[in-house]
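**Student:** These protein sequences, in sequence, are chains A and B. Taking my numbering, the leading residue of the first sequence gets 205, the next gets one more, and so forth. Taking my numbering, the leading residue of the second sequence gets 205, the next gets one more, and so forth. Ideal placement from N, C-alpha and C gives every residue a C-beta, glycine not left out. Since the model is a prediction, treat every value here as computed from it, not as a measurement. Okay, here's the structure, questions in a sec.
Protein chains: 2
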Amino acid sequence: MRNTARWATTLALTATAVGGPLTGTALAAQSTPATLYAPSALVLTVGHGDSAALATPERAVTLTCAPNASGTHPAAAQACAELRAVDGDFDALAVRSDIRCTKQYDPVVVTVDGVWRGQRVSYERTFGNECVRSSYGSGVFTF
Amino acid sequence: MRNTARWATTLALTATAVGGPLTGTALAAQSTPATLYAPSALVLTVGHGDSAALATPERAVTLTCAPNASGTHPAAAQACAELRAVDGDFDALAVRSDIRCTKQYDPVVVTVDGVWRGQRVSYERTFGNECVRSSYGSGVFTF
Numbered sequence: 205m206r207n208t209a210r211w212a213t214t215l216a217l218t219a220t221a222v223g224g225p226l227t228g229t230a231l232a233a234q235s236t237p238a239t240l241y242a243p244s245a246l247v248l249t250v251g252h253g254d255s256a257a258l259a260t261p262e263r264a265v266t267l268t269c270a271p272n273a274s275g276t277h278p279a280a281a282q283a284c285a286e287l288r289a290v291d292g293d294f295d296a297l298a299v300r301s302d303i304r305c306t307k308q309y310d311p312v313v314v315t316v317d318g319v320w321r322g323q324r325v326s327y328e329r330t331f332g333n334e335c336v337r338s339s340y341g342s343g344v345f346t347f
Numbered sequence: 205m206r207n208t209a210r211w212a213t214t215l216a217l218t219a220t221a222v223g224g225p226l227t228g229t230a231l232a233a234q235s236t237p238a239t240l241y242a243p244s245a246l247v248l249t250v251g252h253g254d255s256a257a258l259a260t261p262e263r264a265v266t267l268t269c270a271p272n273a274s275g276t277h278p279a280a281a282q283a284c285a286e287l288r289a290v291d292g293d294f295d296a297l298a299v300r301s302d303i304r305c306t307k308q309y310d311p312v313v314v315t316v317d318g319v320w321r322g323q324r325v326s327y328e329r330t331f332g333n334e335c336v337r338s339s340y341g342s343g344v345f346t347f
């Protein structure tokens with residue numbers, strides 16, 4: 205009796221292990237067109253103010269990085285290359301050494317929303333002024 | 205003495221009123237290219253699950269509606285026309301009468317983030333299944 209119960213359990217677990225994933229795959233294939241890459245599609249905005257809640261977005265551009273770089277971002281290919289280099293970590297974008305900015309406080313806030321390699325992105329960053337914004341990375345924040 | 209102080213205050217206020225805005229305008233003109241239209245740029249995602257927090261975005265498309273309809277959305281022009289018709293109110297998109305769906309519960313969640321006519325958008329909506337999603341509007345949610 206104990207052995208029978210154990211076998212039944214083993215069989216049930218095997219059926220789940222084999223049947224479960226197969227069913228899942230079949231359903232996914234039925235309802236979703238195959239995606240060969242994790243999607244990367246972003247909207248970047250910029251506005252004057254201390255935070256996104258206070259700043260009206262003055263400009264907004266789209267940036268798609270898969271399968272190809274595209275979008276209304278003026279330097280889409282460069283921006284995508286740069287984001288790939290930092291693995292989508294916007295805080296890791298390096299400061300350019302060839303740009304020197306004043307410390308004048310006229311804050312601009314940049315937001316990034318959407319998806320990077322299948323992960324949701326909701327990013328906000330305030331720079332002291334336009335010059336400082338342009339000094340980060342070679343193109344991501346320059347639009 | 206009192207009069208002198210009053211005059212000084214008046215002069216200072218006038219200087220601020222005249223000088224302040226001019227300086228602001230000059231800076232804005234210098235640092236921001238003129239935008240002739242309020243930006244409309246969106247990222248739409250879809251994933252399987254009850255809410256965006258639980259669903260991995262399986263697909264993500266961009267949609268820009270100004271100055272022209274563009275983006276990786278498969279029916280960008282149609283989607284923009286439809287959004288203009290409802291003034292960007294995603295909840296107002298009408299249900300198509302020519303599509304009949306089963307009540308099978310296999311929820312899909314759609315998110316929309318970005319900017320519509322200069323206003324930030326952060327929208328999330330869960331549909332009972334893929335068919336129900338496709339039945340809303342003539343193309344916005346079909347991607």
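Chain B beta carbons: is any one of them nearer than 7 Å to that of A/Thr214?
**Tutor:** Taking the first residue of the first sequence as 1, we reach residue 214 of chain A at position 10. Model confidence at A/Thr214 stands at a pLDDT of 41, short of 50, so the residue's coordinates are unreliable; what they give is reported in the following sentence. It does not; no Cβ of chain B falls within 7 Å.
**Student:** Going by DSSP, what residue range makes up the alpha helix (DSSP H) through B/Glu286?
**Tutor:** Translated into the one-based positions of the second sequence, residue 286 of chain B becomes position 82. Taken as a continuous stretch (DSSP letters only), the alpha helix (DSSP H) holding B/Glu286 covers Ala280 to Ala289.
**Student:** If you draw a straight line from the C-alpha of B/Arg288 to the C-alpha of B/Pro261, how long is it?
**Tutor:** By one-based count along the second sequence, residue 288 of chain B stands at place 84. By one-based count along the second sequence, residue 261 of chain B stands at place 57. Their backbone Cα atoms lie some 26 Å apart in a straight line.
**Student:** Beta carbon of A/Leu287: closer than 6 Å to some heavy atom of the ligand ZN?
**Tutor:** As far as ligands go, the structure on display features none, and thus does not contain the ligand ZN.
**Student:** Have a look at B/Ala257, B/Asp291, B/Pro278 and B/Thr346 and flag the residue whose alpha-carbon is nearest the alpha-carbon of B/Arg300.
**Tutor:** The sequence position of residue 300 of chain B within the second sequence is 96, counting from 1. Cα-wise, what sits closest to B/Arg300 is B/Thr346.
**Student:** Taking Cβ-Cβ distances shorter than 7 Å, what residues in chain A pair up with B/Thr249?
**Tutor:** Residue 249 of chain B sits at position 45 when you count from the first residue of the second sequence. Within chain A, the residues near B/Thr249 are Val319.
**Student:** State yes or no: is the beta carbon of B/Phe347 nearer than 7 Å to at least one beta carbon in chain A?
**Tutor:** Taking the first residue of the second sequence as position 1, residue 347 of chain B is located at position 143. False, the Cβ-Cβ gap to chain A never drops below 7 Å.
**Student:** May I ask you to list, following chain order, the residues of the segment 257–272 of chain B that have a beta carbon less than 8 Å from some beta carbon of chain A?
**Tutor:** Thr260, Pro261, Glu262, Arg263, Ala264, Val265, Thr266, Leu267 and Thr268
**Student:** Taking all protein chains shown into account, do 16 or more other C-beta atoms lie within 10 angstroms of the C-beta of A/Asp302, making it buried, or fewer, making it exposed?
**Tutor:** As a first step, residue 302 of chain A must be located in the first sequence, where it is residue number 98. Answer is exposed; the Cβ neighbour count stays below 16.
**Student:** So which residues of chain A does B/Leu246 contact, with C-beta pairs closer than 7 Å?
**Tutor:** By one-based count along the second sequence, residue 246 of chain B stands at place 42. Those within 7 Å of B/Leu246 in chain A are Val247.
**Student:** In the DSSP assignment, the alpha helix (DSSP H) including A/Val299 goes from what residue to what residue?
**Tutor:** Locating residue 299 of chain A in the first sequence gives position 95, counting from the first residue. The continuous stretches of alpha helix (DSSP H) do not include A/Val299, and DSSP gives it neither H nor E.
**Student:** Apply the 10 Å Cβ neighbour rule to A/Tyr340 and answer buried if 16 or more other Cβ atoms are within range, or exposed otherwise.
**Tutor:** Taking the first residue of the first sequence as 1, we reach residue 340 of chain A at position 136. Result: buried.
**Student:** For B/Val336, which three-state DSSP category applies?
**Tutor:** One-based indexing of the second sequence puts residue 336 of chain B at position 132. In the structure shown, B/Val336 sits in a helix (DSSP, three-state: H, G or I).
**Student:** Rounded to a whole number of angstroms, what is the C-alpha to C-alpha distance between B/Val344 and A/Lys307?
**Tutor:** Position 140 of the second sequence, counting from 1, holds the residue named residue 344 of chain B. Position 103 of the first sequence, counting from 1, holds the residue named residue 307 of chain A. Between B/Val344 and A/Lys307, the C-alpha separation is close to 44 Å.
**Student:** In angstroms with no decimal places, state the Cα-to-Cα distance between A/Val247 and A/Thr268.
**Tutor:** To locate residue 247 of chain A, count along the first sequence from 1; it is residue 43. To locate residue 268 of chain A, count along the first sequence from 1; it is residue 64. One C-alpha to the other measures close to 9 Å.
**Student:** For B/Pro243, decide whether its Cβ has a neighbour in chain A, counting only Cβ atoms nearer than 7 Å.
**Tutor:** Locating residue 243 of chain B in the second sequence gives position 39, where the first residue counts as 1. Chain A, which has a Cβ nearer than 7 Å to the Cβ of B/Pro243, makes this yes.
**Student:** Measuring only the C-alpha atoms, how far is B/Ala283 from A/Arg304?
**Tutor:** Locating residue 283 of chain B in the second sequence gives position 79, where the first residue counts as 1. Locating residue 304 of chain A in the first sequence gives position 100, where the first residue counts as 1. Computed Cα separation, rounded: 43 Å.
**Student:** Quick one: is B/Thr276 near chain A, going by C-beta distance under 7 Å?
**Tutor:** As a position in the second sequence, residue 276 of chain B is number 72, starting the count at 1. Flagged as an interface residue toward chain A: B/Thr276, by a C-beta distance shorter than 7 Å.
**Student:** Quick check: what's the CA-CA separation for A/Gly251 versus A/Asp295?
**Tutor:** Indexing the first sequence from 1 puts residue 251 of chain A at position 47. Indexing the first sequence from 1 puts residue 295 of chain A at position 91. Cα to Cα, the separation comes out at about 19 Å.
**Student:** Taking A/Ala280 as the reference, give the member of A/Gln323, A/Tyr309 and A/Val265 with the closest Cα.
**Tutor:** Within the first sequence, the letter at position 76 stands for residue 280 of chain A. Ranking A/Gln323, A/Tyr309 and A/Val265 by Cα distance to A/Ala280 puts A/Val265 first.
**Student:** Give the interface partners of A/Gly322 over in chain B, defined as CB-CB distance under 7 Å, in chain order.
**Tutor:** Here residue 322 of chain A is taken as the residue at index 118 of the first sequence, counted from 1. Result: Thr260 and Pro261.
**Student:** Using 7 Å as the threshold, is the C-beta distance between B/Ser255 and B/Val314 below it?
**Tutor:** Position 51 of the second sequence, counting from 1, holds the residue named residue 255 of chain B. Position 110 of the second sequence, counting from 1, holds the residue named residue 314 of chain B. Taking 7 Å as the Cβ cut-off, B/Ser255 and B/Val314 do not qualify as a contacting pair.
**Student:** DSSP three-state label for A/Glu262, please.
**Tutor:** Within the first sequence, the letter at position 58 stands for residue 262 of chain A. Of the three classes helix, strand and coil, the one that applies to A/Glu262 here is coil, per DSSP.
**Student:** Quick one: what does DSSP say A/Leu240 is sitting in, helix, strand or coil?
**Tutor:** Within the first sequence, residue 240 of chain A is the residue found at index 36, counting from 1. A/Leu240 falls in the coil class under three-state DSSP.
**Student:** DSSP state of B/Asp317, grouped into three classes?
**Tutor:** Start at 1 with the first residue of the second sequence, and residue 317 of chain B comes out as number 113. It is a strand residue.
**Student:** Does the beta-carbon of B/Pro278 have 16 or more other beta-carbons within 10 angstroms, so that it is buried, or is it exposed?
**Tutor:** As a working note, residue 278 of chain B is residue 74 in the second sequence. B/Pro278 comes out exposed.
**Student:** Would you grab the beta carbon distance between A/Ala245 and A/Arg321 for me? Rounded to a whole angstrom, and I think it's under 8 Å.
**Tutor:** Taking the first residue of the first sequence as position 1, residue 245 of chain A is located at position 41. Taking the first residue of the first sequence as position 1, residue 321 of chain A is located at position 117. For A/Ala245 against A/Arg321, the beta-carbon gap comes to about 11 Å, at or over 8 Å, which does not count as contact.
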